[in-house]
Amino acid sequence: MDECEDLKLIIQSNIYRYIGILLEGRERFEEEVLADRRKLCQHDPSSSGRPESGFCDEEVTEYSIVPRLKAFSDWILKAMALGNLEDIFPAASREYAPLVEELWKDPAIQATYRRRNELPFLPSAASYFLDRVVDISRTEYELCDIDILYADGITSSDGLASTDISFPQLALDLRVADELDPQDTLLRYQLIRINNKGLRENSKWLQMFDDVSLVIFCVAVSDYDEYYEDANGTVVNKMIESKQLFESIALHPTFEQMNFLLLLTKFDLLEQKIGKSPLTACDWFAEFTPLVSRNLIDGTSRSKRGSHNGASLAQMAAHYIGVKFKRLFHSLTERKLYVSYVNALDQQSVCSAIRYGREIVKWEEEKPVFGSSETVYSGDEPSSYSH
């Protein structure tokens, strides 16, 4: 219950961070339009008689908001600049929720949101929560499963968080039901989450896992063009950060002989953005030059999996990311990296990924029996594809 309450407060606070990011973007986009307008008037003062209509003096753009909302906007931005936004919210979430809802629906903010690819710090789940800001800000608000899955910023004060989860045995085991132990209908797992800072500053946590059989490392394929600001104020590409963290985990003595399973998530978000934001936005993927038709780039129906044109641009990009990690892992350890694509919001996809992990453990245990031919455990093809 305490964990749910803490998560609810995180979600309520994050809403104001999301709207703050949009407000910062709105100001920037508005200033760009006004600057272009002034430049146009300087070069062609008589343009279509516009000076007579006040065009050059016009300060209203599609990114302009009404004075009442502008005052609230300025207050939010000032709180962000002073670093005390978290001191105000979520305590005042309910009071200001109607204003946030009005801001979110305002044409200027919606115009800003349409350019969200230019707002690297805005999470993909922002619209999901902003659409429900009034409901989420209510005292009696209760979390649903999707809220928990979309929540951003779940951390622990010491960098370590633990959650107990369970899955039906039938969902993970291919055996028939008659062979299952009635006392073992649910398989229980303990999910231990260590944030990046905790891993880098307290590698002692990694020693806790010296008896595990499989290391599961998750990477969002949509992170290639997303950034965050670290404690030193440095802007860091999320995919590069994942690569560096992956390297440190792969080389850690605790995992020297352990198998690794890489789970590549958020393929749906990759599909949405890959046509507008190329994979080469990440320096690590600078060599990604697929031969694709205009239909694939435009994201038409022909780009969908199973079409006669073959793999979509997003599928080629996801495959490329998987291969990059496989080659990186082999260069570091001379061992095989298993890769699976998973939709973390789909229960069947998650179950398939966990089942695949269990199969890897069994395969490795049985290798001495069947031999250890490298042809079975090598290659650049991702080992499992589920999204």
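Each residue of the sequence shown is one higher than the one before, counting from 1 in our numbering. Backbone N, C-alpha and C fix where the C-beta goes; we use that ideal spot for every residue, glycine too. Treat the numbers as computed from the prediction; the structure is a model and nothing was measured.
| request: To the nearest angstrom, report how far apart Met239 and Gly275 are at their CA atoms. | output: Met239 and Gly275 have their alpha carbons spaced roughly 18 Å apart.
| task | Report buried or exposed for Thr234, applying the criterion of at least 16 other Cβ atoms within 10 angstroms of its Cβ. | result | By the 10 Å Cβ count, Thr234 comes out exposed.
| message | Assuming Phe267 is part of the alpha helix (DSSP H), what are its boundary residues? | response | Here the alpha helix (DSSP H) through Phe267 covers Phe267 to Lys273.
| request: Quick one: grab the DSSP three-state call for Cys218. | output: The answer is strand: DSSP assigns Cys218 an E or B state.
| task | Specify the secondary structure class of Ser127 as computed by DSSP and reduced to three states. | result | In the structure shown, Ser127 sits in a helix (DSSP, three-state: H, G or I).
| request: Can you say whether Lys78 is buried or exposed, counting buried as having 16 or more other CB atoms within 10 angstroms of its CB? | output: By the 10 Å Cβ count, Lys78 comes out exposed.
| message | With three or more beta-carbon pairs closer than 8 Å as the criterion, would you say the segment 280-288 touches the segment 353-366? | response | No, the segment 280-288 does not touch the segment 353-366.
| Whether Lys266 touches Asp223 by CB criterion (9 Å) | It is a contact, given that the beta carbons lie within the stated cut-off.
| said: Please return the same chain residues whose Cβ sits closer than 7 Å to the Cβ of Ala111, not counting the five positions on each side in sequence. | reply: Answer for Ala111: Glu62 and Tyr63, listed in chain order.
| message | For the beta strand (DSSP E) containing Asn237, name the first residue and the last one. | response | First-last of the beta strand (DSSP E) with Asn237: Val235 to Asn237.
| field | Whole-number beta carbon distance between Ile148 and Leu345, since they are thought to touch under 8 Å | value | Contact flag wrong, Cβ pair sits at about 11 Å.
| Can you round the beta-carbon distance between Ile76 and Ile136 to whole angstroms, since I take them to be within the 8 Å contact cut? | Actually they are not in contact, since the Cβ atoms of Ile76 and Ile136 sit about 17 Å apart, beyond 8 Å.
| said: Under 9 Å, Cβ to Cβ, is there at least one residue of chain D near Pro253? | reply: Reference to chain D is not applicable here, since this structure consists of a single protein chain.
| request: Pull up the DSSP beta-bridge partners for Asn259, would you. | output: Leu214.
| message | To the nearest angstrom, how far is the alpha carbon of Asp74 from that of Ile21? | response | Taking the straight line from one Cα to the other gives about 12 Å.
| said: Using only the alpha-carbon positions, how far apart do Asn14 and Phe246 sit? | reply: Rounded to the nearest angstrom, the two C-alpha atoms are 27 Å apart.
| Taking 8 Å as the cut-off, is the CB of Leu7 close to at least one heavy atom of the ligand ATP? | With respect to small molecules bound, the structure shown includes none, and the ligand ATP cannot be examined in it.
| field | Cβ contact check for the segment 24-37 and the segment 95-112: 3 or more pairs under 8 Å | value | The answer is yes - the segment 95-112 touches the segment 24-37, with three or more Cβ pairs under 8 Å.
| Residue from Ala125, Glu95 and Glu58 whose Cα sits closest to the Cα of Leu269 | If we check each option's Cα against that of Leu269, Ala125 comes out closest.
| message | Could you compute how far the alpha carbon of Leu103 sits from the alpha carbon of Val323? | response | So the alpha carbons of these two residues sit roughly 43 Å apart.
| task | Starting from Ser340, follow the beta strand (DSSP E) in both directions and report where the run begins and ends. | result | Ser340 -> beta strand (DSSP E) spans Leu337 to Tyr341.
| request: Please report the residue range of the alpha helix (DSSP H) in which Glu3 lies. | output: That run of the alpha helix (DSSP H) goes Asp2 to His43.
| field | 6 Å Cβ shell around Glu101 - same chain, five flanking residues per side excluded | value | Hits under 6 Å: Val133 and Val134.
| Per-residue burial, Arg68 [other beta carbons within 10 Å of its own, 16 or more giving buried] | Counting of Cβ neighbours within 10 angstroms places Arg68 among the exposed residues, the total staying below 16.
| Residue of Tyr356, Leu262 and Ser312 minimising C-alpha distance to Lys336 | Lys336 has its Cα closest to that of Leu262, out of Tyr356, Leu262 and Ser312.
| said: Using the three-state DSSP reduction, which class does Tyr228 fall into: helix, strand or coil? | reply: DSSP, read as helix, strand or coil, puts Tyr228 in strand.
| Backbone secondary structure at Tyr113 - three-state DSSP | Residue state, collapsed to three classes: helix.
| said: Considering just the uninterrupted stretch of the alpha helix (DSSP H) at Ala151, what are its terminal residues? | reply: Unbroken run through Ala151: none, as it is neither H nor E.
| When DSSP labels each residue in this structure, what does Tyr189 get in the three-state scheme? | In the structure shown, Tyr189 falls within a strand segment according to DSSP collapsed to helix, strand and coil.
| message | I need the DSSP call for Leu85, collapsed to helix, strand or coil. | response | Per DSSP, reduced to three states, the secondary structure at Leu85 is helical.
| query | Is the CB-CB distance between Leu143 and Cys4 below 9 Å? | reply | Yes, the Cβ-Cβ distance between Leu143 and Cys4 is below 9 Å.
| task | Would you grab the beta carbon distance between Pro278 and Met316 for me? Rounded to a whole angstrom, and I think it's under 8 Å. | result | In this structure Pro278 does not touch Met316 by the C-beta definition: roughly 12 Å separates them, more than the 8 Å allowed.
| Is DSSP giving Leu119 helix, strand or coil here? | DSSP places Leu119 outside both helix and strand once states are collapsed to three, so it counts as coil.
| message | So, for Ser340: in the same chain, excluding its five sequence neighbours on each side, which residues have a beta-carbon less than 6 Å away from its beta-carbon? | response | Its chain contains Leu263, Ala353, Tyr356 and Ser384 as the residues whose beta carbon lies nearer than 6 Å to that of Ser340, once the 5 sequence neighbours on both sides are disregarded; these appear in chain order.
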